[in-house]
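Working notes, beginning with the structure itself.
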Amino acid sequence: WRDRMIQDHNVDTTEPEIATPKAGYLMVSVIGSGRVTKGDREVTLFPELRVDSPATSSAAGLQPMDKVKCKWADIGKQLAQLTHCAEDILIPMHCEEVTLELFLAWPQLDEHTSKWDAVDRRGNSEKFKNRRYVVRSLDRFYSFGSQPALRAALEKNWAMLHTCIKDKDPYQHFHRETSFSEAGQLRARLSKKTGLKFIGQMPVALGDRKIMFDNIIDSAVPVALWIENTERSADDISREIEAIFKGACLTCFDAVAECLMQSRADTGNYTAQKLRVLVDCPERWPKSLPRNISKSAQKTEIFEDEDSIVSL
Numbered sequence: 001w002r003d004r005m006i007q008d009h010n011v012d013t014t015e016p017e018i019a020t021p022k023a024g025y026l027m028v029s030v031i032g033s034g035r036v037t038k039g040d041r042e043v044t045l046f047p048e049l050r051v052d053s054p055a056t057s058s059a060a061g062l063q064p065m066d067k068v069k070c071k072w073a074d075i076g077k078q079l080a081q082l083t084h085c086a087e088d089i090l091i092p093m094h095c096e097e098v099t100l101e102l103f104l105a106w107p108q109l110d111e112h113t114s115k116w117d118a119v120d121r122r123g124n125s126e127k128f129k130n131r132r133y134v135v136r137s138l139d140r141f142y143s144f145g146s147q148p149a150l151r152a153a154l155e156k157n158w159a160m161l162h163t164c165i166k167d168k169d170p171y172q173h174f175h176r177e178t179s180f181s182e183a184g185q186l187r188a189r190l191s192k193k194t195g196l197k198f199i200g201q202m203p204v205a206l207g208d209r210k211i212m213f214d215n216i217i218d219s220a221v222p223v224a225l226w227i228e229n230t231e232r233s234a235d236d237i238s239r240e241i242e243a244i245f246k247g248a249c250l251t252c253f254d255a256v257a258e259c260l261m262q263s264r265a266d267t268g269n270y271t272a273q274k275l276r277v278l279v280d281c282p283e284r285w286p287k288s289l290p291r292n293i294s295k296s297a298q299k300t301e302i303f304e305d306e307d308s309i310v311s312l
């Protein structure tokens, strides 16, 4: 009877295709003008869209967007507007959310990006911590051309991190540091590690901070977490850091960004407010970024003296 009714009335019994959710990433590289000035610092934002399908672990492609010039003081607002634009573009591709991947040069890695001023879709002011984003290393990207071993090391450490996650022990091969080490020492300690937890006093001198970030970048650890601490127990803070990412896969940057956004929404979560995070994966990198950018612009040196970095 059912089959006869279907045949008589030409009923379409084909199961409707269910759209597979995809992860949308807005990669934005921040390139300075090369000028070292205060109050009038200009940067250029190079945005690209990337869509990854969890079902196939493949990329749907990269879509360059128009570059944007802005003052450093307005960077949070510009990034928010770019994210809104990316969300609209990716709606037909079944991307429910867009994660911003912000590529910064080493002087900006210690910025309190969560405190940047941003805007919502209605133009209302808000803080950047309410955005879904992660920070990645622009210097590491530019190093791949001259240091192929760095990319190979990142791929190996990334695979090791995947294994740790499958074993339900994502922090198994993390190294914990509580003080600044001399040049090369931190890099040596991070050999064959998947991540870093730095819980202690950051070096004050700009030169020492550069050495520290150089060591982190050159160690090829996929995840680096650091927070200033001079009073509380490092063990307590370490547990609080892990609690921020509880239930999230550290190799899924959209999940990492979601955890950070939710934790920072709790103003009483001191650790989440102060924590800085640097992540990198081996397969998703800018494609349209000019290769002929000057060294001074790559570095995005925006500080006139060493004292200025202390106030970040």
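Quick note on our numbering: the sequence shown kicks off at 1 and runs consecutively.
Glycine included, each C-beta is placed from N, C-alpha and C at the ideal position.
Treat the numbers as computed from the prediction; the structure is a model and nothing was measured.
Under DSSP, the beta-bridge partners assigned to Arg176 are Lys197. Distance between Asp52 and Ala86, taken at the CA atoms: about 14 Å. For the alpha helix (DSSP H) assignment, the uninterrupted runs of no fewer than 4 residues enclosed by the segment 203–237 are, from N- to C-terminal side, 206–219. With fewer than 16 other CB atoms across the displayed protein chains lying within 10 angstroms of its CB, His112 is exposed.
Here Arg136 is bridged, per DSSP, to Phe103.
Contact between Asp117 and Lys77 holds, since their C-beta atoms are separated by about 6 Å, short of 8 Å.
Rounded to the nearest whole angstrom, the C-alpha separation of Met202 and Leu138 is 21 Å. In this structure, Ala105 sits near Val30, with a CB-CB distance shorter than 9 Å.
The Cβ-Cβ distance between Leu161 and His173 falls below 9 Å.
Per DSSP, the beta bridge partners of Ala118 are Glu126.
Around Ala23, the same chain offers Asp52, Asp254 as residues with beta carbons nearer than 6 Å, after the five sequence neighbours per side are excluded. Gly200 places its beta carbon 9 Å or farther from that of Ala243. Around the beta-carbon of Glu177, 16 or more other beta-carbon atoms lie within 10 Å, marking it buried. C-alpha of His175 to C-alpha of Pro92: approximately 42 Å in a straight line. Here Arg276 carries a strand assignment [DSSP, helix/strand/coil].
Taking Pro282 as the centre and dropping the five residues before and after it, the same chain places the C-beta of Leu154, Glu155, Trp158 closer than 6 Å to its C-beta, in chain order. Bridge pairing for Thr44: Ile31, Lys69 [DSSP]. Taking a cut-off of 8 Å for Cβ pairs, the segment 254–274 and the segment 179–188 do not touch, as fewer than three such pairs fall below it.
Annotation for Arg284: no alpha helix (DSSP H) segment contains it, and DSSP assigns it neither H nor E.
With 16 or more other Cβ atoms from the protein chains shown falling within 10 Å of its own Cβ, Gly32 counts as buried. Val256 is bridged by DSSP to nothing; it lacks a bridge partner. About 6 Å separates the CB atoms of Thr251 and Ile165; that is less than 8 Å, so the two are in contact. Counting C-beta pairs with one atom in each stretch, the segment 209–224 and the segment 187–198 have three or more that are closer than 8 Å, which means they touch.
Annotation: the continuous alpha helix (DSSP H) that includes Ile75 extends over 75–90.
By the criterion of a C-beta distance shorter than 7 Å, Ile211 is surrounded in its chain by Ala183, once the five residues flanking it on both sides are discounted. With at least 16 other beta carbons inside 10 angstroms of its own, Ala248 counts as buried. One thing to note: Val68 has its Cβ no nearer than 9 Å to the Cβ of Val279. From the listed residues Ile75, Ser114, Val43, Leu82, the smallest Cα separation to Met27 is found for Leu82. Between Ser146 and Lys129, the gap from beta carbon to beta carbon reaches 9 Å or more.
Taking the Cα of Arg122 as reference, the smallest distance to any Cα among His84, Tyr142, Asp66, Leu102 is reached at His84.
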